Amino acid sequence: MDNLTPESILVHSDDIVSREIEGELIIVPIASGIGDMEDELYTLNETGRSIWERIDGKRSLQNITGDLAEEYSATPDIIMKDVVGLAEELLKRKILVIKG
Amino acid sequence: MTGFIGPETRIQDFSLWDKMKSTRRVLSFDLEITARCNNDCHHCYINLPAGDKRAREQELTLSEIERIASEAVKLGAFWVLITGGEPLLRPDFPEIYISLKRKGLLVSVFTNATMIQKEHVDLFLKYPPRDIEVSVYGATKETYEKVTGSPGSFDAFERGLKLLVDSGVRVRLKAMALRSNLHELPAISVFCRKYTKDYYRFDPLLHLRFDGDAKRNAGIIAERLTPEEIVTIEQADSERFGSLQKNCDKLINENFCHTGCDHLFHCGAGNGSFSVSYDGKFRLCSSLWAPETMYDFRTGTLHDAWVNTVPRVRELRSRDPEFLKTCRRCPLINLCLWCPAHSYLETGAMDACVEYFCQVAHARAAALGYKGPGPYTHESRTDTIGEL
Numbered sequence: 026m027d028n029l030t031p032e033s034i035l036v037h038s039d040d041i042v043s044r045e046i047e048g049e050l051i052i053v054p055i056a057s058g059i060g061d062m063e064d065e066l067y068t069l070n071e072t073g074r075s076i077w078e079r080i081d082g083k084r085s086l087q088n089i090t091g092d093l094a095e096e097y098s099a100t101p102d103i104i105m106k107d108v109v110g111l112a113e114e115l116l117k118r119k120i121l122v123i124k125g
Numbered sequence: 270m271t272g273f274i275g276p277e278t279r280i281q282d283f284s285l286w287d288k289m290k291s292t293r294r295v296l297s298f299d300l301e302i303t304a305r306c307n308n309d310c311h312h313c314y315i316n317l318p319a320g321d322k323r324a325r326e327q328e329l330t331l332s333e334i335e336r337i338a339s340e341a342v343k344l345g346a347f348w349v350l351i352t353g354g355e356p357l358l359r360p361d362f363p364e365i366y367i368s369l370k371r372k373g374l375l376v377s378v379f380t381n382a383t384m385i386q387k388e389h390v391d392l393f394l395k396y397p398p399r400d401i402e403v404s405v406y407g408a409t410k411e412t413y414e415k416v417t418g419s420p421g422s423f424d425a426f427e428r429g430l431k432l433l434v435d436s437g438v439r440v441r442l443k444a445m446a447l448r449s450n451l452h453e454l455p456a457i458s459v460f461c462r463k464y465t466k467d468y469y470r471f472d473p474l475l476h477l478r479f480d481g482d483a484k485r486n487a488g489i490i491a492e493r494l495t496p497e498e499i500v501t502i503e504q505a506d507s508e509r510f511g512s513l514q515k516n517c518d519k520l521i522n523e524n525f526c527h528t529g530c531d532h533l534f535h536c537g538a539g540n541g542s543f544s545v546s547y548d549g550k551f552r553l554c555s556s557l558w559a560p561e562t563m564y565d566f567r568t569g570t571l572h573d574a575w576v577n578t579v580p581r582v583r584e585l586r587s588r589d590p591e592f593l594k595t596c597r598r599c600p601l602i603n604l605c606l607w608c609p610a611h612s613y614l615e616t617g618a619m620d621a622c623v624e625y626f627c628q629v630a631h632a633r634a635a636a637l638g639y640k641g642p643g644p645y646t647h648e649s650r651t652d653t654i655g656e657l
């Protein structure tokens, strides 16, 4: 994604609702254009969820990476790759949007 | 692919449902946002006049609906059906619809389509429903309006349906098989298949009104088909009859005769779903109107109803010996319209036998090859178990 940088700040789209059911995070599209099918729902695995929960429209991808690297005692470069990878996936599906 | 996000998941394949079912979660609920309707169908169990002031005043407000829906979502609900009456009679329908969508609910809507405007289509295109289900009462103006009792309703219905379908809104069609439209059922089927590729379904089983209105109940009874007519139209629909044949072993349950159980409820009422009446009553299903089974949302919470009322109602038992040796033991229960809710609407008791239901069930069973005894009579069905 060309316009995604470590300084990018992302926010959850207004056109989705995230819900927790039975310990799972479920993303429910509510408007057209999210996903390809009207019956589609999305789930995130544990790592994806820890990134998702830090995407709050305030923190940059770099900040989120630093936060996760500290929590999981991992190398920031590897974490950043995961954070950007997930962000790209969710941007493509319009589940996340770039703020500003 | 990062592997963080699960693959797109069709909701019917979602493994979470199994987990939810095992924990007595709420999965879905029906929301009757009005009992009023702009049509005056003879067979309808709920319709009150569109201008009924008292009924309108009793309707749940948007904020009451939001409170109930929020509670339902907190208990796990994923689906809601907005129904009526005619839901589009409410000027705040768009606000109700969006509010439910914004809670993360998948929303279905039942409508007669006569009031569909471009604003509704725009709303459904921007915030797609799970589906819109439209009732088709006839394929011609004459028959349609004979059923609806509303001049001009056929043109309004066709205009609304076309608006929805041409815009690409997902529409499913259904029909009630009635005395007034029986001659036109094949034409209704052709009409429906012209508008949608989805399987259209018809329902020949009419139950009585929630308010017990004797005059209107007589009208419903007059619209009922005979058991033979019901079997004939079911057999004429190869898809429907094929499904009945395929599930025959589940529909006719010989083991049911031996349970000796006196519980009234053997259905799924209150198991994962509930219904909200237009005036704020919690019910285990949309047909259940026995006062002792309802709970008032206006003075209580869904949590209370779910945790206390549902188990109490499902624990209700029959002490009627006649019922216990007939309907309660009948292997045809899954082919029968009988249930505690419909029994109450017919007789005022939740454990009464209803002869018409019994005749229909036996006619359907015979069509499926059941060689048991004929329609229920007090003398013939005391302890005879049929054979397949």
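Line by line, the protein sequences give chains A and B.
So for the first sequence, the numbering used here puts the first residue at 26; every next one is plus one.
So for the second sequence, the numbering used here puts the first residue at 270; every next one is plus one.
Positions of the beta carbon are idealized from the N, C-alpha and C atoms, including for glycine.
As the structure is a prediction and not an experimental result, all values here were calculated from the model.
Pick from the options that is closest to residue i, judged by C-alpha positions
i, options, result
"G421 (chain B)", "B:F471, B:E453 and B:M384", "B:M384"
"L697 (chain B)", "B:K343, B:R448 and B:H311", "In the structure as shown, chain B begins at 270 and stops at 657. Residue 697 (chain B) is therefore absent and cannot be evaluated."
"L606 (chain B)", "B:F460, B:E624 and B:S542", "B:E624"
"A669 (chain B)", "B:F298, B:R293 and B:N316", "For residue 669 (chain B) there is no data in the structure shown, the boundaries of chain B being 270 and 657."
"N603 (chain B)", "B:T501, B:D589 and B:K519", "B:K519"
"D548 (chain B)", "B:G345, B:N307 and B:G354", "B:G354"
"L357 (chain B)", "B:K372, B:N307 and B:V405", "B:N307"
"G73 (chain A)", "A:K119, A:S98 and A:E49", "A:E49"
"C313 (chain B)", "B:C599, B:H572, B:V576 and B:H476", "B:H476"
"V403 (chain B)", "B:D573, B:K431 and B:T330", "B:K431"
Distance CB(residue i)-CB(residue j) smaller than 7 angstroms
i, j, result
"Y464 (chain B)", "V434 (chain B)", "yes"
"K700 (chain B)", "S436 (chain B)", "Any property of residue 700 (chain B) remains undetermined from this structure, which presents chain B solely from 270 to 657."
"I55 (chain A)", "Y67 (chain A)", "no"
"T702 (chain B)", "C622 (chain B)", "Because chain B is modelled from 270 through 657, residue 702 (chain B) falls outside the range shown and cannot be assessed."
"P363 (chain B)", "L392 (chain B)", "yes"
"I46 (chain A)", "G345 (chain B)", "yes"
"L300 (chain B)", "V349 (chain B)", "yes"
"F626 (chain B)", "R583 (chain B)", "no"
"P496 (chain B)", "A632 (chain B)", "yes"
"C517 (chain B)", "L637 (chain B)", "yes"
"A382 (chain B)", "G320 (chain B)", "no"
Other residues of its chain near residue i: CB distance less than 6 angstroms, five sequence neighbours each side excluded
i, result
"L115 (chain A)", "L121"
"D652 (chain B)", "Confidence at D652 (chain B) is low in this model, with a pLDDT of 42, below 50, so the placement of that residue should be treated as unreliable; the coordinate-derived value is given next. So no residue of the chain qualifies."
"I124 (chain A)", "Checking the displayed sequence, the identity of residue 124 (chain A) turns out to be Lys instead of Ile. Here the set comprises I34, V36 and G82."
"L111 (chain A)", "G73 and I76"
Chain C contact for residue i (CB, 7 angstroms cutoff)
i, result
"A56 (chain A)", "Protein chains in the displayed structure are A and B, and chain C is not among them."
Close-in-space but distant-in-sequence residues of the same chain around residue i (CB under 7 angstroms, 5 per side omitted)
i, result
"T646 (chain B)", "Residue placement at T646 (chain B) cannot be trusted, given a pLDDT of 47 that sits under 50; the coordinates are not used to answer."
"V109 (chain A)", "L29 and L86"
"M270 (chain B)", "Interpretation of M270 (chain B) is limited by its pLDDT of 35, a score under 50 that renders its predicted location unreliable; no figure is taken from the coordinates."
"T417 (chain B)", "N308, D309, C310 and Y406"
"F298 (chain B)", "A341, A346, V349, S542, F543, S544 and V545"
"P276 (chain B)", "Any reading at P276 (chain B) must be qualified, since the residue scores a pLDDT of 49, below 50, and its modelled position is unreliable; the value itself is stated next. Counting only Cβ-Cβ distances below 7 angstroms, and skipping sequence neighbours, we find nothing."
"R567 (chain B)", "G549"
Residues near residue i by beta carbon distance below 8 angstroms, same chain, minus five either side
i, result
"T133 (chain A)", "Outside the displayed span of chain A (26 to 125) sits residue 133 (chain A), for which this structure offers no information."
"D565 (chain B)", "G549, K550 and F551"
"M105 (chain A)", "P31, L86, Q87 and T90"
| field | Contact list for the stretch 88 to 102 of chain A against chain B, Cβ threshold 9 angstroms | value | So the list is empty, because no residue satisfies the distance condition.
| Below 8 angstroms, can you find three or more Cβ-Cβ pairs linking the stretch 385 to 404 of chain B to the stretch 368 to 376 of chain B? | The stretch 385 to 404 of chain B makes contact with the stretch 368 to 376 of chain B: 3 or more CB pairs, one atom from each, lie closer than 8 angstroms.
| Closer than 7 angstroms, Cβ to any Cβ of chain A: which residues of the stretch 415 to 448 of chain B, in chain order? | So the close ones are R439.
| task | With 7 angstroms as the limit, tell me which residues of the stretch 510 to 541 of chain B have their beta carbon closer than that to any beta carbon of chain A; keep them in chain order. | result | Within the stretch 510 to 541 of chain B, no residue has a Cβ that lies closer than 7 angstroms to any Cβ of chain A.
| said: Would you call the stretch 496 to 511 of chain B in contact with the stretch 466 to 474 of chain B, where contact means no fewer than 3 C-beta pairs closer than 8 angstroms? | reply: In short, these stretches touch, since the Cβ pair count reaches three.
| Are three or more beta carbon pairs between the stretch 31 to 45 of chain A and the stretch 66 to 82 of chain A nearer than 8 angstroms? | Verdict: yes, contact present.
| Within the chosen definition, does the stretch 609 to 629 of chain B reach the stretch 552 to 561 of chain B through at least 3 CB pairs nearer than 8 angstroms? | Touching, per the Cβ criterion.
| field | Sufficient close CB pairs (3 or more, under 8 angstroms) joining the stretch 496 to 505 of chain B to the stretch 590 to 597 of chain B | value | Between the stretch 496 to 505 of chain B and the stretch 590 to 597 of chain B there are fewer than three C-beta pairs closer than 8 angstroms, too few to call the two in contact.
| message | Closer than 8 angstroms between beta carbons: that is the criterion. Which residues of the stretch 43 to 55 of chain A meet it against chain B? | response | Going along the stretch 43 to 55 of chain A in chain order, one finds S43, R44, I46, E47, E49, I51, V53 and I55 with a Cβ nearer than 8 angstroms to chain B.
| field | the stretch 601 to 625 of chain B: positions lying closer than 8 angstroms to chain A by Cβ | value | From the stretch 601 to 625 of chain B, no residue has a Cβ closer than 8 angstroms to chain A.
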